[in-house]
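Protein chains in written order, with my numbering: chain A, 1 to 83; chain B, 84 to 279; chain C, 280 to 798; chain D, 799 to 1050. Accompanying notes for the structure given below.
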Amino acid sequence: MSGLELFNVFILVFLVVAAVIALRVKDLLIASVVFGIYSFLMCLLWAEMGAVDVAFTEAAVGAGVSAVFLIATVFNVKRDSSD
Amino acid sequence: MFGEDGGLLRELLVERFNYCIYVVLLLIGLYAMIAKNNLIKKLIGMSIFQTAIILFYVSLGVKEGASIPIYKPEHDPHGHHAEDHADHKPKDANASSSASADAHDDHHEVQALTDEQTRQYANPLPHVLMLTAIVVGVATLGVALAVVQRIYRAYGTIEEDEVMKAIMEESQGIPSTKGSPKSKKGASKKRKAKKA
Amino acid sequence: MSENSIALIFACPLFGAVLCTFLGGAKRALCHPVAVVSLGGALWGGIETLRRVVASESHEISYLLGGWTLDSYPRGVGIEFRADLLGTLIMLVVIGVAFLVALYSKLTVSEETPEKEGPFYTLFLLQVTGLAGICLTGDAFNLYVLIEVAALTGYGLIAMGSARAAAATFNYVILGTIGASFYLLGVGYLYMKTGTLNMVGIQEVIVQQDLADSATMQVAFVFIGLGILIKMAFFPFHAWLPNAYSHAPTSTSCLLAPLVTKVMIYVMIRMTLTVFGVDFSFEETLWTKLLPWLVVVAIVCAATMALAQRDLKKMLTYLIVAEVGYMVGGVWIYNYYGLVGSIFHVISDACMTLCLFLGAGIILRKVGTSHFDGLKGLFRRMPLTMTGFFVGGFSIIGLPPTCGFFSKWYLITGGMLAERWEYVVALLFSTMVMVVLFFRLIERIHLAVKESGEEFGHGHGDLDLPENETRFDEAPLSMLIPLLLSAAVVLLIGIYNQDVVNLVESFLEPLNLPKGTDR
Amino acid sequence: MRKLAVAVVVLTGGLLLYAATDFAAWGDPESPASDSDVSKHFIAETGVDTEVPNMVTAVLADYRGFDTMFETVVIFIAGIAILAILKLTGKDATKTPGKRKDEVDDAPDLIVTHTVRLLVPIIQLFAFYVLAHGHVSPGGGFQGGVIMGASFILVALAWDLPRAMDRLSVDRAILLAGVGILIYAGIGLLAMFLGGEFLDYAELSTIFPVSREMARYHAMLGVEIGVAFTVTTVMFAIYASLSSKGRLEGGL
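Here it is in structure tokens:
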């Protein structure tokens, strides 16, 4: 396995980990932030796959604005979640 | 789940690891959308679900040994032809629409790429589609978050079962509970009816 | 200008929507005329397009956006709008229904969602843009974008109303996104195998390379089908529809209820006939064996649930779910007459659902509730409104002069010729249910007010109405005229049914569908 | 619900994995998707047709420009819908909001505000760069617009919403979003009136002194500007209404 492939697998595994954490953690603020991390990992993966425009957009939208929207909402409703 | 065949398992896990991960992410998202009780958790699941599909599309555009879909300088219409362009520019700017045919001829030195050169670039179409999909995703997320806030404003909770309970109470409570704040909606309805 | 009539169909509502946004603040009152005028422009473009389609030799017009013509560029480089008879007919229904609803919503919008006229009409017009675009587009991914345009405007329009509507919207968002994403995934699979997104292009590649056995294609078919079934609220996936439509503001439900599910059925027909092709969809997949049985379950369950409702609007939403079952069944019994019936039923169901929802909206406004208890003696107060409402009701039952009779006739003929007796029985069962439902309604509506007094324990609406009040209390003209117009359309389509069927038939003729024994 | 979810997930997963066995090999240049006429045309002839080096931008704004117009419309819809959903009308609108228990009343942090003061111009400059340079490098109207919108959101985060609204009020933001759509669809309509199809930018060469290819090139910049208008303003408007529960006042 070349270094790039290893990097690829590394990101893929962490993507799944981030997704699971974002969904399992009880604090919605943490969930939102982890979701931002998930998006950022996704953006790295896409950049590595050669989809630079998509990666750029995901960095701006997924990791940036989406996370901000989520956090804004979490602040205005309650922070803890039952699951 | 992967089938008994060891070959199939190996094929799926080693050669198609990317495809596998997109399936896993998609399923995580789908599970969260259906099973989670918290509305915001459902939405995070929804976003994961959508990004998984985007990951699938981007995987389609990958080509072995290809670079990003932006012309290298040697293929770039504005790359090594840039000097020629600089010469033509003033002419272009002054040319009327009839002269633009000449300009068109000048540009003919911009040649289409050969098949060999085409292979050097990744397929741009999936990328374009996914730009659109990302945008749609954030728009849906935004609208859904607004809906969540609206629900919270009305029912004071973002847990699905509690919202359901509040709705049940409300729909049963309209006729009997006149003074309680819960029947506000019912009261306003009645007022409207009287007017009409 | 005539060759650009297709562009008018989406450009008019689009510019109208932006204009409504500009007017939304201080000049709110102007939004309504703007909406009506821009839909009128779109209606003109639609009629003009239909005229051109009928006049053209192959009965279809291709409009290549961006000028990527087929003679100099490969098919699928640009986005193509393909207006054939099927798409144009449905598009015309969409715009026509939207035009009537726009006329109708002058009062309801300012009463139910005050200060939100600007956003309302903006979303309203964009909804029409999306739905009309869905009918015409010839590009599988563009269809996804337009589905999302229609979906997002739908979320906005519904959630704009009460808190209860917002709660219903959330389910709609979740299920709608699952549906649209499944569709997107299926399109991805198609693209992976065929390398193009153009519907005709996909079909050509499937035939050329004989992709029918490919696992990817089969799964693509399942995901696209599932996605559309969720979007059209087919029975097990219908959970989002009844609450969302019954709690939405009146004008919203009048617009969405007749159109969204029907347009999705159109998408299903388009996918099976144009994209995957008749042979692939009906011969190579299990759907022809499975789906008719699911349809039977769907129709029976939805009709039974409609029977259990005590609220007019809620009852109508369950009827929509049952009607969706009819049309899906008509497609999947795989028979010429079934498809004719299905397409004709899409058209007639849109008109009669419109009629019913417009009537229900007037009742809701006058009485303050759409609960059955509040309906007593309404006929005496609003004879014209109730007549219009009943025309819709008779059509949904399937009484002869109305269009519902003829479309149902074709569906039943198709079911019998394909020897799908279970489908025929389900149709007859739900017809019986509708007869019960509507005659129960008619009975209540005709009852004199005198008898109503003591039953009113719930305080719904007109409790304080003097008992001998039988004065003529008709709905305002701005609401009554669209209702009567839609009732007239229901009757006209019924009377001129042969003309509509001829158009549908000339679309289906080249497909060589099995006709069964002679009619 | 959980059992249903597991059933759905197992079914979907089975289908997806079943399909995955039939997929083209990873990164195969011969796969139908990469080897079709359409994608080869995009790679080989984008330079000839439009002179834009970034194929993604060319396909996005020109070949599939109609998709992108509706993508912009989707954003616009989101902005309108969110404002309409959260807007308070009548009695509710005049009610003063109760203070949240974790709300702090003191002035914005000095370090934060000074950093933001330094950052915002740079961010906005970068947004313009991304927008204008989208033809030759990754980026374009959408990315530039999001970054621009983020700069306004940053102001709102560092100080409070009114301060950001002094620069861009939500009412004006929605108007500008409409202007963005008008720019995009207007260019399309202009092309139509000049004799082409809707969005056929090449027709613009009849009124501007450029070749047909360069007409496409410049028109793409035009529509990207339209996209940027809409995205910038809508992103800010969405943040403003989400963070203030639709009151459009106070901070997060």
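The beta-carbon is built from N, C-alpha and C at its ideal position, and this holds for glycine as well. Note that this is a predicted model, so its numbers are computed, not measured.
Chain order gives the chain D residues near V226 of chain B as A876, A879 and I880, where near means a beta carbon separation below 7 Å. Of all residues in the region 334-351 of chain C, those with a C-beta nearer than 7 Å to a C-beta of chain D are Y342, L343, L344, G345, G346 and W347, reading in chain order.
Close partners of F139 of chain B in chain C (Cβ separation under 8 Å): L464 and G467.
According to the DSSP assignment, R354 of chain C belongs to no alpha helix (DSSP H), since it is labelled neither H nor E. For N477 of chain C, the secondary structure class from DSSP, reduced to helix, strand or coil, is strand. Under DSSP, R361 of chain C forms a beta bridge with C:S341. In the DSSP assignment, H650 of chain C is bridged to C:D590. The C-beta separation of F924 of chain D from G978 of chain D comes to about 20 Å, leaving the pair out of contact by the 8 Å criterion. Annotation: the continuous alpha helix (DSSP H) that includes H839 of chain D extends over D835 to T848.
Contact annotation, M550 of chain C with I503 of chain C: C-beta distance approximately 6 Å; criterion of less than 8 Å satisfied. Contact of E1001 of chain D with chain B is not assigned, every C-beta pair being separated by 8 Å or more. Per the coordinates, the alpha-carbon of G303 of chain C lies some 44 Å from the alpha-carbon of R800 of chain D. Its Cα nearest to that of T810 of chain D, the residue B:I111 stands out among B:F100, B:N101 and B:I111.
Look at L208 of chain B: its C-beta is not under 8 Å from any C-beta on chain A. Under the three-state reduction of DSSP, E242 of chain B is assigned to strand.
No Cβ-Cβ contact shorter than 8 Å links E698 of chain C with V219 of chain B.
Of all C-beta pairs linking the region 937-956 of chain D to the region 988-1002 of chain D, fewer than three are shorter than 8 Å, placing the two stretches out of contact. According to the DSSP assignment, T870 of chain D belongs to the alpha helix (DSSP H) that extends over G863 to L884. According to the DSSP assignment, K510 of chain C belongs to the alpha helix (DSSP H) that extends over A494 to K510. Here the C-alpha atom of V61 of chain A lies approximately 8 Å from the C-alpha atom of I217 of chain B. Assignment of beta-bridge partners to T632 of chain C by DSSP yields no partner. Contact residues of the region 860-872 of chain D toward chain C are D860, Y861, R862, G863, F864, D865, F868, E869, V871 and V872 (C-beta to C-beta distance below 8 Å). DSSP lists C:F360 as the beta-bridge partner residues of T416 of chain C. For the pair of segments examined, the region 372-387 of chain C was found to touch the region 513-532 of chain C: the number of CB pairs separated by less than 8 Å reaches three. Closer than 8 Å to the CB of N781 of chain C there is not a single CB belonging to chain D. A buried status is given to N477 of chain C, since no fewer than 16 other beta-carbon atoms sit within 10 Å of its beta-carbon. At least one C-beta of chain B is nearer than 8 Å to the C-beta of F840 of chain D.
A distance below 8 Å between beta-carbons, with the five flanking residues on each side excluded, links K687 of chain C to the following residues of its chain, in chain order: Y605, G620, H624, G677, L706 and T710.
For G128 of chain B, the enclosing alpha helix (DSSP H) stretches over residues L122 to G144.
Its chain contains H158 as the residues whose beta carbon lies nearer than 8 Å to that of Q200 of chain B, once the 5 sequence neighbours on both sides are disregarded; these appear in chain order. Listed along chain D, the residues sitting closer than 7 Å to K146 of chain B by beta-carbon distance are G825, P827 and S832. Residues are counted here when their Cβ sits less than 7 Å from a Cβ of chain D; for the region 43-70 of chain A these are V52, D53, F56, T57, A60, V61, G64, V65, V68 and F69, given in chain order. Take T475 of chain C, set aside five residues on each side of it, and the residues of its chain with a beta-carbon closer than 8 Å to its own are R354, G355, I481 and V484, in chain order. Between L431 of chain C and chain B, the shortest Cβ-Cβ separation is below 8 Å.
Residues of the region 520-546 of chain C with a Cβ closer than 7 Å to any Cβ of chain B: none.
In this structure, the CA atom of I1023 of chain D is about 57 Å from the CA atom of P679 of chain C.
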